[in-house]
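Taking it in order: structure first as structure tokens, then the write-up.
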């Protein structure tokens, strides 16, 4: 009997031990379940605070979650990185996104965000490498291709040859992106790259594709109109600007572009009417006041032109075209010292353009500085890739004033060669060329056959 009692006691103890063990396991499972539920609930709370832009509460909750769940807080680290990026702390944001990427190394989104931060920090070479890693993780993510093209484009721009190489590499990267024709960002950037490579036709086609995706996008319509204007197609340019203005009659960029074409055709009063509408909505627009000033200059109101151009220069002090126009207007009112000041600024801001050097040479001639004027003309001719007829004519007049008739004849011949098979120049320019031709006379050095032409 005693043995049976002991056996029953042992079995009872075993049953109780098993019951305790099962109860502990159930309690542990419930605890783990509560922990998981709590983690999910805190993520939701964090998301709610983030979309409400309550960043102080977000930071406090992220710190609490990081202390509680150690280094396995993927979503809180991601949100903390976004907050730091929105606050402009790119280096701090980089640290947080790298922590999130360590938790989930196969997430290509984190790698792409890290690349974007390197891009914003100006490290474009490192950014392009990181974007390439993101593409390897997810070759269907079009944003990685887009951002890598941006990084490649900004990698080297210290010289014209390097700019061509970076532009070509960026274009190749965009063309390899999956479903590239279905994203407006890729198409507009591709159009920009084609425009820089002087492939205007392909740039227009890219803008048309983007316009099919977003027919009411005012920026696309305006850019397409500018491309048509650059392609000497004012009719289609006006159609594009008109469509943009039909969606928003006060769209300043479309008004500015349309008014610029009207202004080029000599209708200054009509252009000023357009600019007045744009000025009511966006008064602090440097290019707008630049165009208004040149309208007044076209009407012969030089004082008003200088006033508007100086306001434009105040709004956009690093825009070389405004400085160039100020130099032209001051030269017209015979304020040569002021003209020299503004044209020198234009040359320093843009060392690759021919027109500021040519205008500077004219002003230096008026200041009787023939040595530097000659250097400015030489530099303008060196940079001139489009064989500008006006530069050759001004240089011929300059050489004639210096009694260097042989060099003047050569420049005048270059002028007539430049206007062959080109659009007709203004009567004022042709009249100046005729006067110079008569001044030089019919000498043996003068090639009569080159200079024969008909003036309509």
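Residue numbers (the UniProt record's numbering): 1 to 456.
Every residue, glycine too, gets a C-beta built ideally from N, C-alpha and C.
Remember, it's a predicted structure, so these values are computed and weren't measured experimentally.
Among the options, whose alpha-carbon lies nearest the alpha-carbon of residue i?
i           : options            : result
residue 105 : 92, 133, 123       : 133
residue 109 : 45, 274, 135       : 135
residue 354 : 367, 332, 392, 341 : 392
residue 387 : 131, 209, 419      : 419
residue 428 : 279, 394, 404, 384 : 394
residue 255 : 233, 362, 272      : 272
residue 141 : 123, 153, 182      : 182
residue 306 : 146, 331, 223      : 331
residue 118 : 94, 339, 166, 50   : 94
residue 131 : 137, 121, 73, 148  : 148
residue 240 : 232, 230, 226, 231 : 226
residue 116 : 139, 152, 103      : 152
residue 280 : 250, 298, 301      : 250
residue 414 : 207, 246, 101, 381 : 381
Determine the burial state of residue i: buried for a count of at least 16 other Cβ atoms within 10 Å of its Cβ, exposed for fewer.
i           : result
residue 113 : buried
residue 441 : exposed
residue 329 : buried
residue 264 : exposed
residue 210 : buried
residue 201 : exposed
residue 128 : buried
residue 215 : exposed
residue 468 : The chain is shown from 1 up to 456; residue 468 falls before or after that span and cannot be answered.
residue 314 : exposed
residue 48  : exposed
residue 356 : buried
residue 409 : buried
residue 235 : exposed
residue 68  : exposed
residue 362 : buried
residue 253 : buried
residue 146 : buried
residue 426 : exposed
residue 287 : buried
residue 30  : At residue 30, the pLDDT of 48 sits below 50, so the modelled position is not reliable and the matter cannot be decided from this model.
residue 70  : exposed
residue 72  : exposed
Quick one: Cα of residue i to Cα of residue j, how far?
i           : j           : result
residue 92  : residue 80  : 9 Å
residue 195 : residue 43  : 46 Å
residue 257 : residue 85  : 35 Å
residue 34  : residue 89  : Annotation note: pLDDT 43 at residue 34 (below 50); position unreliable, coordinate value reported separately. For residue 34 and residue 89, the distance between alpha carbons rounds to 36 Å.
residue 311 : residue 359 : 22 Å
residue 275 : residue 344 : 29 Å
residue 193 : residue 173 : 12 Å
residue 438 : residue 294 : 33 Å
residue 399 : residue 371 : 12 Å
residue 333 : residue 326 : 11 Å
residue 316 : residue 322 : 8 Å
residue 222 : residue 309 : 24 Å
residue 455 : residue 186 : For residue 455, the pLDDT reaches just 37, beneath the cut-off of 50, and the residue's location in the model is therefore unreliable, although a value from the coordinates is still provided. The straight-line gap from Cα to Cα measures roughly 48 Å.
residue 232 : residue 259 : 16 Å
residue 383 : residue 389 : 14 Å
residue 99  : residue 59  : 16 Å
residue 434 : residue 396 : 12 Å
residue 37  : residue 51  : Because residue 37 carries a pLDDT of 47, less than 50, the predicted location of this residue cannot be relied on, and the following value inherits that uncertainty. Approximately 21 Å, taken between the alpha carbons.
residue 291 : residue 299 : 12 Å
Would you mind reading off the limits of the alpha helix (DSSP H) that contains residue i?
i           : result
residue 333 : Segment: none, residue 333 is in no alpha helix (DSSP H) and carries neither H nor E.
residue 365 : 354-366
residue 461 : Outside the shown range of the chain, which is 1 to 456, sits residue 461, and nothing can be said about it.
residue 133 : 124-137
residue 385 : Per DSSP, residue 385 belongs to no alpha helix (DSSP H) and is neither H nor E.
residue 251 : No alpha helix (DSSP H) contains residue 251, which DSSP labels as neither H nor E.
residue 211 : 200-213
residue 110 : 108-120
residue 440 : 427-440
residue 67  : 55-69
residue 300 : Per DSSP, residue 300 belongs to no alpha helix (DSSP H) and is neither H nor E.
residue 76  : 74-86
Checking contacts by CB at 9 Å: is residue i closer than that to chain C?
i           : result
residue 176 : Looking for chain C here will not work: only one protein chain is present.
### Segments assigned alpha helix (DSSP H), at least 4 residues, entirely inside the segment 156-198
160-175, 184-196
### Task
Can you check the UniProt repeat "TPR" (218-251) for any alpha helix (DSSP H) of at least 4 residues that lies completely inside it and give the ranges in chain order?
218-230, 234-247
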